[in-house]
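Inspection log for the structure reproduced underneath, given as structure tokens.
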Amino acid sequence: MVDTETGPGTAADQPDETTGTRTGRRPAPPKRRRGGPRATAGSGRMAALLVSPTLLVLTVVVLYPTIMALKESLYGPKGLDPATGFISDTEPFVGLQNYADIFGEAGERFWNAFWNTTFFTVVTVTLETVIGVAMALIMHRAFQGRALVRVSILIPWAVPTAISALLWRWIFNSNGIANTLIGHQVLWTTEGFHAKAAVIIAEVWKTSPFIGLLVLAGLQVIGKEVYEAARIDGASAPRQFWHITLPLVKPALLVAVLFRCLDALRMFDLPYVLIGAQKTSVETLSMLAQNEASNVRFGPAAAYSVILFLYVFLIALGFVRLLGADVVGDSSSPGKRMGKAGNERRRFAGARRAEVAS
Numbered sequence: 002m003v004d005t006e007t008g009p010g011t012a013a014d015q016p017d018e019t020t021g022t023r024t025g026r027r028p029a030p031p032k033r034r035r036g037g038p039r040a041t042a043g044s045g046r047m048a049a050l051l052v053s054p055t056l057l058v059l060t061v062v063v064l065y066p067t068i069m070a071l072k073e074s075l076y077g078p079k080g081l082d083p084a085t086g087f088i089s090d091t092e093p094f095v096g097l098q099n100y101a102d103i104f105g106e107a108g109e110r111f112w113n114a115f116w117n118t119t120f121f122t123v124v125t126v127t128l129e130t131v132i133g134v135a136m137a138l139i140m141h142r143a144f145q146g147r148a149l150v151r152v153s154i155l156i157p158w159a160v161p162t163a164i165s166a167l168l169w170r171w172i173f174n175s176n177g178i179a180n181t182l183i184g185h186q187v188l189w190t191t192e193g194f195h196a197k198a199a200v201i202i203a204e205v206w207k208t209s210p211f212i213g214l215l216v217l218a219g220l221q222v223i224g225k226e227v228y229e230a231a232r233i234d235g236a237s238a239p240r241q242f243w244h245i246t247l248p249l250v251k252p253a254l255l256v257a258v259l260f261r262c263l264d265a266l267r268m269f270d271l272p273y274v275l276i277g278a279q280k281t282s283v284e285t286l287s288m289l290a291q292n293e294a295s296n297v298r299f300g301p302a303a304a305y306s307v308i309l310f311l312y313v314f315l316i317a318l319g320f321v322r323l324l325g326a327d328v329v330g331d332s333s334s335p336g337k338r339m340g341k342a343g344n345e346r347r348r349f350a351g352a353r354r355a356e357v358a359s
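Per the working numbering, the sequence shown starts with residue 2, numbered consecutively.
Written out as structure tokens, the structure is:
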């Protein structure tokens with residue numbers, strides 16, 4: 002039998018003169034078309050279809066009013082037309098004159114409202130955070146009558162703000178309960194720092210349960226074995242709170258603080274009903290915009306609203322930028338949080354063993 006196998010160096014293995022390649026090699030298999038782009042395009046269309054109702058609602062509720070407010074802020078109030086001497090039926094276009102007047106002629110009133118808004122936000126949110134965390138710790142403990150305590154703590158949050166303001170207006174009356182308790186007559190609903198104190202007390206009483214409710218939700222996911230291990234290691238109650246409870250409820254607490262900051266910056270109904278309109282001590286940016294609108298000065302009112310919107314937007318953006326990982330929830334998964342708690346417990350145990358050895 003004749004061996005037909007072609008050895009090395011034969012004509013079959015020689016390069017082809019026309020193409021410059023070896024004719025004995027098999028051609029490369031054609032690349033298969035992947036189904037990834039087609040699947041990704043289908044997933045993208047499905048995602049856009051599911052998100053479109055939310056985007057439509059946001060456009061109608063948020064984007065359109067914002068654009069209209071920005072447009073309205075460029076027009077002035079109706080008045081006497083200097084060219085004709087008659088009252089104009091349309092609002093004249095004034096450009097950025099409304100914003101120039103806010104920081105010029107009306108600058109004193111604007112900055113007073115701005116600092117009142119900032120002061121109320123900082124003080125109320127700080128007090129609400131401390132009291133809310135304490136409420137959450139109380140509601141989280143197991144004791145007889147816990148359901149009744151939870152309901153009583155959450156009642157202020159369920160009361161409408163206007164009703165709450167009327168209730169506190171009766172309490173802060175000149176012959177009300179507040180003056181009876183302190184044994185001194187204070188005119189709480191007039192100008193002065195006591196008017197600020199009345200607004201702060203009423204606001205803290207109403208919205209502290211909100212922070213307590215969110216922190217309670219964060220406490221529910223902490224396992225009991227973490228605290229048991231900490232007690233075995235000799236951790237006291239304050240150290241357990243500082244090294245275990247606070248780090249694990251931090252994501253929920255930050256979200257609650259963010260929501261309360263945004264809500265407090267838009268404060269209107271509580272000081273308006275409790276103290277009254279055009280009170281320098283408690284006038285906020287929202288009250289200032291409402292006062293301009295009630296006087297049929299829609300252009301300046303829209304300008305105040307746009308400035309307040311930018312202020313709230315910058316605060317929210319800065320909050321998310323500085324604490325974005327905790328607010329978004331990148332580190333809030335149960336496994337990561339329990340791992341963090343375990344690290345804290347091991348570090349405390351090491352320090353405890355070092356103390357015992359010394």
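We treat Cβ as the ideally placed atom computed from N, Cα and C, and that holds for glycine.
All figures in this text were calculated on a predicted structure; none of them were measured in a lab.
Check: Rounded to whole angstroms, how far is the Cβ of R267 from the Cβ of V313, which I believe are closer than 8 Å?; Outcome: 7 Å
Check: By a C-beta neighbour count over all protein chains shown, 10 Å radius and 16 as the cutoff for buried, is M136 buried or exposed?; Outcome: buried
Check: Among residues of its own chain, excluding the 5 on either side of A114, which ones have a beta-carbon nearer than 6 Å to its beta-carbon?; Outcome: E284, T285, L286 and L289
Check: Since I believe G133 is in contact with V216 (beta carbons under 8 Å), could you give me their beta-carbon distance rounded to a whole number of angstroms?; Outcome: 6 Å
Check: Could you tell me whether the Cβ atoms of P360 and K207 are closer together than 9 Å?; Outcome: Past the edges of the chain, shown from 2 to 359, lies residue 360, and the structure says nothing about it.
Check: Which value, in whole angstroms, describes the spacing of the CA atoms of T191 and D270?; Outcome: 17 Å
Check: Take L212 as the anchor and find which of V131, A238 and T281 has the nearest alpha-carbon.; Outcome: Residue 212 is actually Ile in this sequence, not Leu. Nearest option by C-alpha distance: V131.
Check: Quick one: is G235 buried, meaning 16 or more other Cβ sit within 10 Å of its Cβ, or exposed?; Outcome: exposed
Check: State the CB to CB distance for the pair N176 and V187, rounded to an integer number of angstroms; the pair is presumed to be in contact (CB under 8 Å).; Outcome: Going by Cβ atoms, the distance from N176 to V187 rounds to 11 Å, so no, they are not a contact pair.
Check: Please go through the same chain and pick out, in chain order, the residues whose beta-carbon is closer than 7 Å to the beta-carbon of A302, but skip the five residues on each side of it.; Outcome: A290, E293 and A294
Check: Leaving out five residues before and five after M339 in sequence, what residues of the same chain have Cβ atoms less than 6 Å from its Cβ?; Outcome: Note that M339 scores a pLDDT of 47, beneath 50, so its modelled location is shaky; the value from the coordinates is reported in the next line. No residues qualify anywhere along the chain.
Check: Let me make sure I understand the geometry here. Which of P66, A265 and R46 has the alpha-carbon closest to that of V307?; Outcome: P66
Check: Helix, strand or coil for F299? Go by DSSP, reduced to three states.; Outcome: helix
Check: With a CB to CB cut of under 8 Å and the five nearest residues on each side skipped, what residues in its chain are close to Y305?; Outcome: I103, F111, L286, L289, A290 and E293
Check: For P210 versus I276, is the C-beta distance shorter than 9 Å?; Outcome: no
Check: Quick one, which of F310, D264 and V222 has its alpha-carbon nearest L247's?; Outcome: V222
Check: Could you tell me the alpha carbon to alpha carbon distance between A253 and Q145, rounded to whole angstroms?; Outcome: 27 Å
Check: Could you pull out every residue in the same chain whose Cβ sits closer than 7 Å to the Cβ of V200, ignoring the five residues on either side in sequence?; Outcome: F121, L271, P272, L275, I276 and V283
Check: If we count the other Cβ atoms within 10 Å of its Cβ and call it buried at 16 or more, is H185 buried or exposed?; Outcome: exposed
Check: Could you name each continuous alpha helix (DSSP H) segment of 4 residues or more that falls completely within the region 139 to 168, going from the start of the chain to the end?; Outcome: 147 to 159
Check: Here's the rule: buried if 16 or more other CB atoms are within 10 angstroms of the residue's CB, otherwise exposed. What is V62?; Outcome: exposed
Check: Expressed to the nearest angstrom, what Euclidean distance is found between the alpha-carbon atoms of P93 and L323?; Outcome: 42 Å
Check: Tell me the DSSP secondary structure of F111 in three-state form.; Outcome: helix
Check: Using the beta-carbon count (16 or more within 10 Å), is R147 buried or exposed?; Outcome: exposed
Check: Exposed or buried, what is T20 when buried is set at 16 or more other beta-carbons lying within 10 Å of its beta-carbon?; Outcome: Low confidence applies here, because T20 scores a pLDDT of 46, under 50, leaving its location unreliable; read the following figure in that light. By the neighbour-count rule (16 or more Cβ atoms within 10 Å), T20 is not buried but exposed.
Check: Less than 8 Å between C-beta atoms, sequence neighbours within five positions excluded: which residues of the same chain meet that for R316?; Outcome: A small correction: the amino acid at residue 316 is Ile; Arg does not occupy that position in the sequence shown. Excluding residues within five positions, the ones whose Cβ falls inside 8 Å are C262, L263 and L266.
Check: Let me make sure I understand the geometry here. Which of T125, L249 and P161 has the alpha-carbon closest to that of L259?; Outcome: T125
Check: With DSSP run on the structure shown, which of helix, strand or coil describes F269?; Outcome: coil
Check: With a cut-off of 8 Å on the beta carbons, I'd call E73 and F299 a contact; round off their distance for me.; Outcome: 6 Å
Check: Give the DSSP bridge partners of Y76, in chain order.; Outcome: F94
Check: Are the beta-carbon atoms belonging to G224 and V250 less than 9 Å from one another?; Outcome: no
Check: Going by beta-carbon coordinates alone, are V160 and L168 separated by less than 9 Å?; Outcome: yes
Check: If you drop the 5 nearest sequence neighbours on each side, which residues of the same chain put their C-beta closer than 8 Å to that of E6?; Outcome: Note that E6 has pLDDT 46, beneath the 50 cutoff, so the model's placement of it is unreliable and no number is given.
Check: Just to confirm the assignment: which complete alpha helix (DSSP H) runs, minimum length 4, are found wholly within the region 165 to 249?; Outcome: 178 to 183, 194 to 220, 225 to 233 and 238 to 241
Check: Who are the near neighbours of L309 in its chain, counting only those whose CB is closer than 6 Å to its CB and skipping five residues on each side?; Outcome: L286
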